[in-house]
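Chemist: Can you keep this structure in mind? I'll have questions shortly.
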Amino acid sequence: MSLTMDPEVQLISPKHPSSLLRRPEKHLTTRKFLTRLACLLVIIYGLRYLATIHFNSENGSVLLLQEGWISSPTFTASMPTKVKEDLFLSVPNTGNATASAKQYSKHPHLAGSLEDYHDALTVLEFLQTELGITPRPPSHQPPIYNAGTPKSRAQTIALTSRLGPRSPQAWIDVYYPYLNTPLDRSLDIVDETGKSIWSADLREDGNEGDEDAAKYRDYIPPWHGLSANGEGQGRLVYVNYGTYEDYEEVLASGQNLSGKVVIARYGGLFRGLKIKRAEDLGATAILIYSDPRDDGFVTVENGFAPYPDGPARNPTSVQRGSAMYLSLYPGDPTTPGKPAYDKAEREEGKNVPRIPSLPISWMNAERLLKEIGDVYTDAGEDGRRKLSGKASEREVKVVNHVDNKVTPIWNTMAAIPGHVRDEVVIVGCHRDAWVLGAADPVSGTISLLEIVRGLGTLLRNGWKPLRTILIASWDAEEYGLVGSTEYGEDFAEWISEHAVAYLNVDVSSAGSKWDAVGSPSLAHLIRKTAMDVSHPSGEEGKTLWDAREDEGPFKPFGPVRPGGKPGLVVYTNSSDVQGLNTTISSHRILEIGNIHADADVMEAYEASRNERLSKEEGRDGTSVGPMGSGSDFTVFLQRLGVASSDQGFAGTPYDAPYHYHSIYDSMRWQEVYADPGYKKHLAIAQHLGLLVLRLTDSIIVPLNTTQYALELDGYLDRVESLLPSLDAEGGISNVRVAFSSLRKHISQLQETSVLLDIEKIEAEEHFKELLSKMPSFPGSLSTCRRQNTLTYRFKEWVKRIFGVQHHRRDAFAVDSWESLLSSSDSDEQEDKAIAGWLEHRLHVLTGLYGPDVPKPPTIPDIPDIPDIPNIPDIPDIPDIPDIPDIPDIPDMPDLPTPSVPSIPLPTSTLALLPKLPSPPPILEFIRAAKRVSRVNHKLFFFERGFIDEGGIKDREWYRHLGVAPGKWLGAFFYHSFSFIE
């Protein structure tokens, strides 16, 4: 049976056959009406939000103020410091650290490579997830911006703007530096006809005992980044570490290095400066190798098996690295002092070599050194042997062909806007590596990611930072601090104006001894915070600060005498380490016939320890060393004058040698020898994270300028002690006069700093006193409740349809009015206006102060204008010659002038606020906040006082007159040397 249905008949319910047929004209009418009403509401709301976008962008702060958006202490007041710090310290854990290590250290990530780009995106996604940032839909491009474009610049500059973002942000800046990659390389010993009689393999063995190293053995061949493309040939000469003094010793022996090939061992100074000195002296090429003498006690010679079978150095390992002349300037060689944009104007790089260089293994170097014979003379009366300066009989040919090109790199950035938007604490670590980079830099990256996890946890628990936090995952650090330098050059003015401090981490874990360096103004904070972090071993009563004295698991009981001693050696703390023969109880022993340790290496190590201990016992009492160079803090400290720090666990002569920049800087080496359980990674994360929190949330920035001023005396003492060794013809008396004047100025600086200390204490105490009297600011809690209503959700849905950005008003929201208190240069009139307005808002929202609180001014009603009397009609003029007089028209009565107050046009956001009498408590609070802000600016601008815009002579990129990399050291020197240079 078929059923023919009317077109207007509708199926309603299959459960009731009797009612299958129904004519819903009335229902259709209702539905049409509701549908049209909903569409109308969508259009109305949409047009409203679209119409307010422009006003929002121009007057966002005022709009939020007028809406009464003042957050409640439930969300905005800082959670108790101990609760906050304990919560943060509880977040870093071994599971997350292990997962991150697998994610980032099991593949190569050379700067500018596809793997590096993927890692940049992975870090971006991590930052978005942990900081509660809503990622863009898949149909949208990720927030990746070419540096120099409006979007890229806005991401950073808007952070400190009153109209900037109120919630965490994450993005990627793309720079375009000049880099290179290896093509073909060769190293041969040739006879007099030029025929090769021995060729170096120029590769690491990729032992299967380390699966990752074996897999990527040939992925990135050993070479020097930014090395010169070319060939060099000549007789071989050994120059030890290749320091300036080593080269002078070779020259003093009578050897001329012109036309020679130089061979040097790593250590003593930055590799680029070894190359530069060889180039200056006319060498045709240079080879640099890793010498096991620098590995201290843990060597094959002392019976330890080579990695991966034991802890000693793998003899085929090769240290890659940058050949840049870092002491001239870091960053892109072709855009010194300017950011490397895609279309930047470029010049020939002046900080890169002109002669080829190659890094080689100890196995290859050992064969080459045999060509020279005795590289040292017999010991003199002082017991010291000098460099012989001998050259090989046969020549060596070096070939290094590279591909030079402009290459994109990716800085992954994130920011958490703070209440005081114009003060920024920056923390960063680079992301690129020469190969796998489990220690350098993945260990640092792991610590940075754990810090982000901790900050994200705090955000989800209602915390908001007092100051803005900027987080950076730098790229291309290995080539010469490129990513951070380009960012610093790009935003130099912004950083100089707003940066409180820069906290760096590079290698979190590569050994047993914790080391921290920093600006003297940060030294006390670094030390105090280290004492609040547990020792990685978990040993009760020990802290991270105690780890400065840790010496490695292979230290024998009793001292190791340079030159060796026979007998039985007992090792401590070695239960996690392979490569020893026998286990006795909790200790391991190794019976060997003779213990060898390089005298110079051991003496340098002991001298460093003694210097640190004596410094701690001296007047400064911090044991935190000054900054040098070689990592991403360089542009912040030495060009822009931002107080900085760096830290990590480094090796000692009793640790397994760190295979720096080798394929064996792998996850396996890290887990077996450097940091089983990733406890050192977590300790760095906890310490660095606490530094971030304390710099961010302290009312007065914890920078100790008096400590800095006192240490300047020590710096000057050190330079003066060098005067006797200088040539008297250089004008030593004039130098002494200059030092005398400098010491007087240092004394004056110390006195001024003590007065600032007093002002710090008084300003903070006064602010806290007034803060305790301030009322609560309502708003957030009710707003959060309102977000759950149907109306609110409907409006937000309409916003999304029209592409209007969602403004989250929840625990993450930042009070717009607080930005009005973050500037220290407002005048008295502005302070009074803000205070009066806040008082009024409190009255409107809570009735807190009762009926006597002044109300905002109102415009009085304009009185009605009285009727104008009728004017009598003008009579007709008769058509006669004489014109009669026209009657007078009565005078129009004067109209009353209503008293209408003038309404000035707004000229600023402040003009839109009601002008009210200023209630004393809030006005005093604002004044106290301004006072605190002025003190803080003096504190973090203290370091800027050492910046000379003209720069250091012959190295103008460096502008800090207190600390910069040494011209021939690449480490650090105090610029008082400029008096002598």
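Going by our numbering, the first residue of the sequence shown is number 16, and it counts up by one from there. All C-beta atoms, glycine included, are put in the ideal place defined by N, C-alpha and C.
Rounding to the nearest angstrom, what Cα-Cα distance links residue 529 and residue 692 in this structure?
Modeler: Numbered from 1 along the sequence shown, position 514 holds the residue referred to as residue 529. Numbered from 1 along the sequence shown, position 677 holds the residue referred to as residue 692. One C-alpha to the other measures close to 17 Å.
Chemist: Please return the same chain residues whose Cβ sits closer than 6 Å to the Cβ of residue 564, not counting the five positions on each side in sequence.
Modeler: In the sequence shown, counting from the first residue as 1, residue 564 sits at position 549. Contacts found: none.
Chemist: Classify residue 303 as helix, strand or coil using the three-state DSSP reduction.
Modeler: Locating residue 303 in the sequence shown gives position 288, where the first residue counts as 1. Three-state DSSP puts residue 303 in a strand.
Chemist: Tell me the DSSP secondary structure of residue 211 in three-state form.
Modeler: Numbered from 1 along the sequence shown, position 196 holds the residue referred to as residue 211. Strand.
Chemist: Which complete alpha helix (DSSP H) runs does the stretch 462-503 hold, if anything under 4 residues is left out?
Modeler: 492-495
Chemist: Alpha carbon to alpha carbon, how far is residue 666 from residue 314? Give it in angstroms, no decimals.
Modeler: By 1-based counting over the sequence shown, the position of residue 314 is 299. By 1-based counting over the sequence shown, the position of residue 666 is 651. Roughly 14 Å separates the two Cα atoms.
Chemist: Smallest Cα separation from residue 148: which of 453, 471 and 114?
Modeler: The residue you call residue 148 lines up with position 133 of the sequence shown. The shortest C-alpha separation from residue 148 is found at 471.
Chemist: What number of angstroms, rounded off, separates the C-alpha of residue 465 from the C-alpha of residue 700?
Modeler: By 1-based counting over the sequence shown, the position of residue 465 is 450. By 1-based counting over the sequence shown, the position of residue 700 is 685. Roughly 6 Å separates the two Cα atoms.
Chemist: Roughly how many angstroms separate the alpha carbons of residue 198 and residue 416, rounded to a whole number?
Modeler: Along the sequence shown, one-based indexing puts residue 198 at 183. Along the sequence shown, one-based indexing puts residue 416 at 401. So the two alpha carbons sit approximately 5 Å from each other.
Chemist: Cutting at 7 Å between CB atoms, please list the residues of its own chain near residue 167, excluding the five before and the five after it.
Modeler: As a first step, residue 167 must be located in the sequence shown, where it is residue number 152. Hits under 7 Å: 160, 161 and 188.
Chemist: Can you tell which of 246, 164 and 342 has the C-alpha that lies nearest to the C-alpha of residue 978?
Modeler: Counting from 1 along the sequence shown, the entry for residue 978 is found at position 963. Of 246, 164 and 342, the residue nearest in Cα terms is 342.
Chemist: Could you check which residue in 737, 758 and 671 has the C-alpha nearest to that of residue 320?
Modeler: As a working note, residue 320 is residue 305 in the sequence shown. Residue 320 has its Cα closest to that of 671, out of 737, 758 and 671.
Chemist: Beta-carbon within less than 6 Å of residue 115's beta-carbon, same chain only, minus the 5 sequence neighbours each way: which residues are those?
Modeler: As a position in the sequence shown, residue 115 is number 100, starting the count at 1. Its chain contains 461 and 464 as the residues whose beta carbon lies nearer than 6 Å to that of residue 115, once the 5 sequence neighbours on both sides are disregarded; these appear in chain order.
Chemist: In this structure, does DSSP put residue 354 in helix, strand or coil?
Modeler: Here residue 354 refers to the residue found at position 339 when the sequence shown is read from its first residue. Note: residue 354 maps to coil in three-state DSSP.
Chemist: Secondary structure at residue 714, three-state DSSP: helix, strand or coil?
Modeler: If you number the sequence shown from 1, residue 714 lands on position 699. Residue 714 falls in the coil class under three-state DSSP.
Chemist: DSSP puts residue 420 in a beta bridge; with which residues?
Modeler: The residue labelled residue 420 in the question sits at position 405 within the sequence shown. Residue 420 is bridged to 194.
Chemist: Helix, strand or coil: which one does DSSP assign to residue 317?
Modeler: As a working mapping, residue 317 is identified with position 302 in the sequence shown. Helix, per DSSP.
Chemist: Output needed for residue 577: all residues of its chain with C-beta closer than 8 Å, excluding positions within five of it in sequence on either side, in chain order.
Modeler: Indexing the sequence shown from 1 puts residue 577 at position 562. With a pLDDT of only 47 at residue 577, under the threshold of 50, the placement of this residue in the model should not be trusted; the figure read from the coordinates follows. For residue 577, where only same-chain residues beyond five positions count, the Cβ hits under 8 Å are 612, 613, 614, 617 and 618.
Chemist: Which residues mark the beginning and the end of the alpha helix (DSSP H) in which residue 511 is found?
Modeler: Here residue 511 refers to the residue found at position 496 of the sequence shown. Per DSSP, residue 511 belongs to the alpha helix (DSSP H) from 507-513.
Chemist: Determine the closest residue to residue 283 out of 291, 503 and 255, with distance taken between C-alpha atoms.
Modeler: Along the sequence shown, read from residue 1 onward, the residue named residue 283 stands at position 268. Minimum Cα distance to residue 283 is reached at 255.
Chemist: Going straight from the alpha carbon of residue 664 to that of residue 331, what length do you get?
Modeler: Residue 664 sits at position 649 when you count from the first residue of the sequence shown. Residue 331 sits at position 316 when you count from the first residue of the sequence shown. The straight-line gap from Cα to Cα measures roughly 25 Å.
Chemist: Is any non-hydrogen atom of the ligand PLP found closer than 8 Å to the C-beta of residue 649, if you look at the structure I gave you?
Modeler: Looking for the ligand PLP in the displayed structure turns up nothing, as the structure carries no ligands at all.
Chemist: Measure the alpha-carbon distance for residue 980 versus residue 307 and round it to whole angstroms.
Modeler: As a first step, residue 980 must be located in the sequence shown, where it is residue number 965. As a first step, residue 307 must be located in the sequence shown, where it is residue number 292. Each residue's Cα considered, the two are about 27 Å apart.
Chemist: Check the C-beta distance from residue 429 over to residue 185 and give it rounded, since I have them as a contact under 8 Å.
Modeler: Locating residue 429 in the sequence shown gives position 414, counting from the first residue. Locating residue 185 in the sequence shown gives position 170, counting from the first residue. That pair is a contact at about 4 Å.
Chemist: Using DSSP's beta-bridge definition, name the partner residues of residue 428.
Modeler: Indexing the sequence shown from 1 puts residue 428 at position 413. Beta-bridge pairing links residue 428 to 186 and 487.
Chemist: Do residue 200 and residue 333 have their beta-carbon atoms positioned less than 9 Å apart in this structure?
Modeler: Position 318 of the sequence shown, counted from the first residue, corresponds to residue 333. Position 185 of the sequence shown, counted from the first residue, corresponds to residue 200. No, they are not a contact pair.
Chemist: Expressed to the nearest angstrom, what Euclidean distance is found between the alpha-carbon atoms of residue 536 and residue 725?
Modeler: The sequence position of residue 536 within the sequence shown is 521, counting from 1. The sequence position of residue 725 within the sequence shown is 710, counting from 1. Using only the alpha carbons, I get a separation of about 10 Å.
Chemist: Identify every run of the beta strand (DSSP E) within the stretch 360-423, keeping only runs that are complete inside it and at least 3 residues long; order them along the chain.
Modeler: Taking only runs of at least 3 residues, the beta strand (DSSP E) segments lying wholly in the stretch 360-423 are 372-375 and 406-421.
Chemist: Quick check on the DSSP output: the beta strand (DSSP E) that includes residue 664 runs from which residue to which?
Modeler: Sequence index remark: in the sequence shown, residue 664 carries index 649 (1-based). 659-665 is the span of the beta strand (DSSP E), which, as asked, contains residue 664.
Chemist: Suppose you measure from the CA of residue 673 to the CA of residue 438; what does that come to, to the nearest Å?
Modeler: Start at 1 with the first residue of the sequence shown, and residue 673 comes out as number 658. Start at 1 with the first residue of the sequence shown, and residue 438 comes out as number 423. So the two alpha carbons sit approximately 38 Å from each other.
Chemist: I'd like the list of long-range same chain contacts for residue 310, defined as Cβ closer than 6 Å, with 5 residues on each side in sequence excluded.
Modeler: In the sequence shown, the residue the question calls residue 310 occupies position 295. Closer than 6 Å at the Cβ level, and outside the excluded window around residue 310, lie 328 and 672.
Chemist: Does the separation of the CB atoms of residue 514 and residue 441 fall below 9 Å?
Modeler: For this step, residue 514 is matched to residue 499 along the sequence shown. For this step, residue 441 is matched to residue 426 along the sequence shown. Cβ atoms of residue 514 and residue 441: closer than 9 Å.
Chemist: Quick check: what's the CA-CA separation for residue 780 versus residue 449?
Modeler: Working through the sequence shown from its first residue, we reach residue 780 at position 765. Working through the sequence shown from its first residue, we reach residue 449 at position 434. Taking the straight line joining both Cα atoms gives about 51 Å.
Chemist: Just grab the DSSP bridge partners of residue 248 for me.
Modeler: The residue given as residue 248 occupies position 233 in the sequence shown. 412, per the DSSP bridge assignment.
Chemist: From residue 354 to residue 129, what does the alpha carbon distance come to, in whole angstroms?
Modeler: As a working mapping, residue 354 is identified with position 339 in the sequence shown. As a working mapping, residue 129 is identified with position 114 in the sequence shown. Going by the C-alpha atoms only, they are around 23 Å apart.
Chemist: Given that a residue counts as buried once 16 or more other Cβ atoms are within 10 Å of its Cβ, and exposed if not, what is residue 156?
Modeler: Working through the sequence shown from its first residue, we reach residue 156 at position 141. Taking a 10 Å sphere around the C-beta of residue 156, we find fewer than 16 other C-beta atoms and assign the residue as exposed.
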